[in-house]
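Single-structure report; data block below.
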Amino acid sequence: MTTMSTETILRAAPSLSEADLARAQQELRDGNLLVVPTDTVYGIGADAANPEAVAAVLAAKGRGRQMPPPVLVASVEAIDSLCVDVPDAARTLARAFWPGGLTLILRARPDLGWDLGETGGTIGVRMPNQGALLRLLRDFGPMAVTSANLTGQPPATSVEAAIGYFGARVAAYLDGGPTEGSTASSIVDFAHDAPRALRLGTISLDDLSAGAGVAIAPVQGSAS
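For this note's numbering, count along the sequence shown from 1 and bump the result up by 116.
And the structure:
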């Protein structure tokens, strides 16, 4: 573990050490914020089951409750612990693209008891393709994570960029090195009638439809 200015940096490449993994888990248990590398861009997050910590994530980003963060999980099977009425096409799509740049909007379990914001009874779920983060998720549990940037600013593609946004508001930064790109995940909504793409990111509309085995409607207002 090293420090940059007053920020705590935990090395996540090529993997997290046992000491750094324990430190990251303790920060989450204490209700603190982490910046983590993903396979798309860096994210800022916290324990998904801690409403105060989730609110702190939104406050740090400058975002209101009307834009709840998605939840990162360690397996496809986690869908069943968080969601109900999951269409077969959503499971098929998860098996095709998880771990990877796909976020699914599904119906949240009514008894889940989490407060992620104004979700309308839904939850966004993604399994990232980043080894250190997956290990943390397997050992700790789901995290509420949104892109590591201030609202309206470009997403962070390095830990240094994330530090520039958040500084000491984040308890620890997991440094996985520069991300391969700056494109966020694709988002598909399976919680409202026919499946629809809400955002096209690292996965194209054609690939989403092929992976799901059903037609995915394009982003509203898009001609593609």
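Beta carbons: idealized from backbone N, C-alpha and C, even for Gly.
Residue range 195-198 is occupied by the alpha helix (DSSP H) that includes I195, with no beta strand (DSSP E) assigned at that position. Every alpha helix (DSSP H) stretch that sits fully inside the segment 173-248 and reaches 4 residues is listed by chain position as 195-198, 204-213. In the structure shown, the three-state DSSP call for E123 is strand. The segment 133-157 is shown to contain whole alpha helix (DSSP H) runs of 4 or more residues at 134-145, in chain order. Around the Cβ of G217, a 10 Å sphere holds 16 or more other Cβ atoms; the residue is buried.
Positions of the alpha helix (DSSP H) runs, each at least 4 residues long and wholly inside the segment 254-306, are given as 275-282 in order along the chain.
DSSP places D163 inside the beta strand (DSSP E), whose first and last residues are 159-163. Collapsing the DSSP output to three states places A169 in a helix.
Boundaries of the alpha helix (DSSP H) around A326: 321-328. In the structure shown, L314 falls within a strand segment according to DSSP collapsed to helix, strand and coil. Residue environment: D227 is assigned as exposed (fewer than 16 neighbouring CB atoms within 10 Å of its CB, all protein chains considered). In terms of Cβ geometry, N245 and P271 do not form a close pair [threshold 7 Å]. According to the DSSP secondary-structure assignment, A333 is paired through a beta bridge with R312.
Distance from the CA atom of S302 to the CA atom of A194, rounded to whole angstroms, is 19 Å.
The segment 221-236 makes contact with the segment 199-210; the number of CB pairs closer than 8 Å reaches 3 or more.
Going by C-alpha positions, P153 is about 25 Å away from T238. With distances taken between CA atoms, E296 lies nearest to T273 out of A288, R315, T273.
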